[in-house]
Amino acid sequence: MDAAFGDRDVTSILNGVFFVNAHLTQIAGDIRIIRLLLEDGNEEEEEEEDSGERPPT
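No gaps in the numbering here: position 48 of the sequence shown is 48 in this note's numbering, and each next residue is one more.
What follows is the structure, given as C-alpha coordinates:
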(Lines of atoms letter the chains of each structure in order from A and count residues from 1; the text may use other names and numbers.)
(Lines give C-alpha, C1' and ligand atoms only; values in the text may rest on other atoms or scores of the structure.)
Protein backbone atom coordinates (compact mmCIF):
# COMPACT_ATOMS: atom_id res chain seq x y z
CA MET A 1 0.00 0.00 0.00
CA ASP A 2 1.52 3.31 -1.02
CA ALA A 3 1.26 6.57 0.92
CA ALA A 4 -1.14 8.20 -1.55
CA PHE A 5 -3.71 5.43 -1.13
CA GLY A 6 -3.47 5.69 2.67
CA ASP A 7 -3.92 9.46 2.52
CA ARG A 8 -7.09 9.04 0.47
CA ASP A 9 -8.43 6.59 3.05
CA VAL A 10 -7.80 9.01 5.90
CA THR A 11 -9.36 11.87 3.93
CA SER A 12 -12.43 9.75 3.15
CA ILE A 13 -12.81 8.76 6.79
CA LEU A 14 -12.47 12.37 7.97
CA ASN A 15 -14.99 13.56 5.38
CA GLY A 16 -17.41 10.90 6.62
CA VAL A 17 -16.87 11.93 10.23
CA PHE A 18 -17.51 15.60 9.42
CA PHE A 19 -20.59 14.65 7.39
CA VAL A 20 -22.05 12.59 10.23
CA ASN A 21 -21.16 15.28 12.78
CA ALA A 22 -22.95 17.95 10.74
CA HIS A 23 -26.09 15.81 10.49
CA LEU A 24 -26.06 14.94 14.19
CA THR A 25 -25.70 18.64 15.02
CA GLN A 26 -28.70 19.43 12.81
CA ILE A 27 -30.76 16.66 14.42
CA ALA A 28 -29.83 17.90 17.91
CA GLY A 29 -30.97 21.40 16.95
CA ASP A 30 -34.26 20.05 15.62
CA ILE A 31 -34.83 18.08 18.82
CA ARG A 32 -34.11 21.19 20.88
CA ILE A 33 -36.68 23.18 18.88
CA ILE A 34 -39.30 20.42 19.20
CA ARG A 35 -38.68 20.20 22.95
CA LEU A 36 -39.16 23.97 23.32
CA LEU A 37 -42.38 23.85 21.31
CA LEU A 38 -43.70 21.00 23.44
CA GLU A 39 -42.82 22.84 26.65
CA ASP A 40 -44.64 25.95 25.38
CA GLY A 41 -47.72 23.87 24.60
CA ASN A 42 -47.70 22.31 28.07
CA GLU A 43 -47.40 25.71 29.76
CA GLU A 44 -50.38 27.06 27.79
CA GLU A 45 -52.50 24.07 28.80
CA GLU A 46 -51.55 24.52 32.46
CA GLU A 47 -52.46 28.21 32.32
CA GLU A 48 -55.89 27.35 30.91
CA GLU A 49 -56.48 24.82 33.69
CA ASP A 50 -55.42 27.30 36.39
CA SER A 51 -57.56 30.16 35.06
CA GLY A 52 -59.90 29.89 38.06
CA GLU A 53 -63.02 29.28 35.97
CA ARG A 54 -65.27 26.60 37.38
CA PRO A 55 -67.78 24.62 35.35
CA PRO A 56 -71.41 25.29 36.31
CA THR A 57 -72.83 22.84 38.85
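Just so you know, even glycine gets a beta-carbon here, dropped at the ideal spot from N, CA and C.
In this structure, the alpha-carbon of Ser12 lies about 18 Å from that of Leu24.
If you draw a straight line from the Cα of Arg32 to the Cα of Asp7, it comes to about 37 Å. Taken atom to atom, the span from the alpha-carbon of Ala28 to that of Val10 is near 27 Å.
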